[in-house]
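Contents: one structure, followed by commentary.
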Amino acid sequence: EAGVTQSPTHLIKTRGQKATLRCSPISGHTSVYWYQQALGLGLQFLLWYDEGEERNRGNFPPRFSGRQFPNYSSELNVNALELEDSALYLCASSNGLAENEQFFGPGTRLTVL
Amino acid sequence: SQKIEQNSEALNIQEGKTATLTCNYTNYSPAYLQWYRQDPGRGPVFLLLIRENEKEKRKERLKVTFDTTLKQSLFHITASQPADSATYLCALATDSWGKLQFGAGTQVVVTP
Chain G
10 EAGVTQSPTH LIKTRGQKAT LRCSPISGHT SVYWYQQALG LGLQFLLWYD
60 EGEERNRGNF PPRFSGRQFP NYSSELNVNA LELEDSALYL CASSNGLAEN
110 EQFFGPGTRL TVL
Chain Y
47 SQKIEQNSEA LNIQEGKTAT LTCNYTNYSP AYLQWYRQDP GRGPVFLLLI
97 RENEKEKRKE RLKVTFDTTL KQSLFHITAS QPADSATYLC ALATDSWGKL
147 QFGAGTQVVV TP
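Protein sequence lines, in the order shown, are assigned to chains G and Y. Just remember that our numbering sits 9 ahead of the position in the first sequence, which is counted from 1. Just remember that our numbering sits 46 ahead of the position in the second sequence, which is counted from 1.
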């Protein structure tokens, strides 16, 4: 069974540009979560999508947005990039049931110059 | 404000010994707590879940305790091996179903 996949592996952008990150969940999983892991900090919850709807978002500005497609894959968009957006962005999926573990992808390393 | 604290200093331990990690939280009433393992440059991997009404959970060489009075979870790796070297994260389920709040993690280094 294929795990969670993310693309691209690395992404380099300059300040003010827009970044688009993609995630494909495990087959059968309807929930997708996005986290930001900046150097020296823990995982910060960004967004949660389930069945195509945004269910919750963390304490991030509106320039962080995303969507979930009918096939449950998801994309995260970061507009007006700032230097502090440089981080590892992790996507996780679950089958949406309470308490179930989240399966993480390998992440996208975003560098903003 | 809500806070999850894990030992920020790396835990260096000799092979065969038991590693004990702590996860303390404030201003939470978690329904459950999960522990994950993260290797450098990779996403976290789920290890164990413990519910608020459970005191202890075991899986192979791993043991987790959960004390909601002390607002603390302890994570034990018994008979540690060099392959156990990684960063271990605790995560709490907060008010929203499925939304996890993670601690910063504790690095464990097991030397032969």
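Ideal Cβ positions, reconstructed from N, Cα and C, are used throughout, including at glycine.
The C-alpha of Ser82/G is placed about 15 angstroms away from the C-alpha of Arg64/G. For the C-beta of Leu50/G, the chain Y residues within less than 8 angstroms are, from N- to C-terminus, Ala150. A residue is called buried once 16 or more other Cβ atoms fall within 10 Å of its Cβ, and Thr157/Y, having fewer, is exposed.
Nearest CB-CB separation between Gln77/G and chain Y: not below the 9 angstroms threshold. Residue environment for Pro90/Y: buried (at least 16 other C-beta atoms within 10 angstroms of its C-beta). Arg83/Y is classed as buried because its beta carbon has at least 16 other beta carbons within 10 Å across all chains shown. Cβ neighbours of Gln60/Y within its own chain (closer than 7 angstroms, five residues either side excluded): Thr157. According to DSSP, Asp113/Y shares a beta bridge with Gln118/Y.
Buried is the label assigned to Leu85/G, since at least 16 other Cβ atoms lie within 10 Å of its Cβ.
Scanning chain Y for C-beta atoms nearer than 8 angstroms to the C-beta of Glu110/G yields Gln80, Phe92, Leu95, reported in chain order. DSSP, reduced to helix, strand and coil, places Asp130/Y within a helical segment of the structure shown. Here Ser33/G is not near Gly105/G, since their CB atoms are 9 angstroms or more apart. Leaving aside the five residues that flank Ser131/Y on each side, the residues in its chain whose CB is nearer than 7 angstroms to its CB run, in chain order, Val154, Val155, Val156. Near chain Y, meaning a CB-to-CB distance below 9 angstroms, the residues of the region 79–103 of chain G are Leu97, Leu99, Cys100, Ala101, Ser103. Cβ atoms of Glu102/Y and Lys109/Y come within 8 angstroms of each other, at about 7 angstroms. The alpha carbon of Arg104/Y has as its nearest neighbour, out of Thr114/Y, Tyr134/Y, Trp81/Y, Arg88/Y, the alpha carbon of Trp81/Y. In the DSSP annotation of this structure, the continuous segment of the beta strand (DSSP E) that includes Tyr71/Y starts and ends at 65–72.
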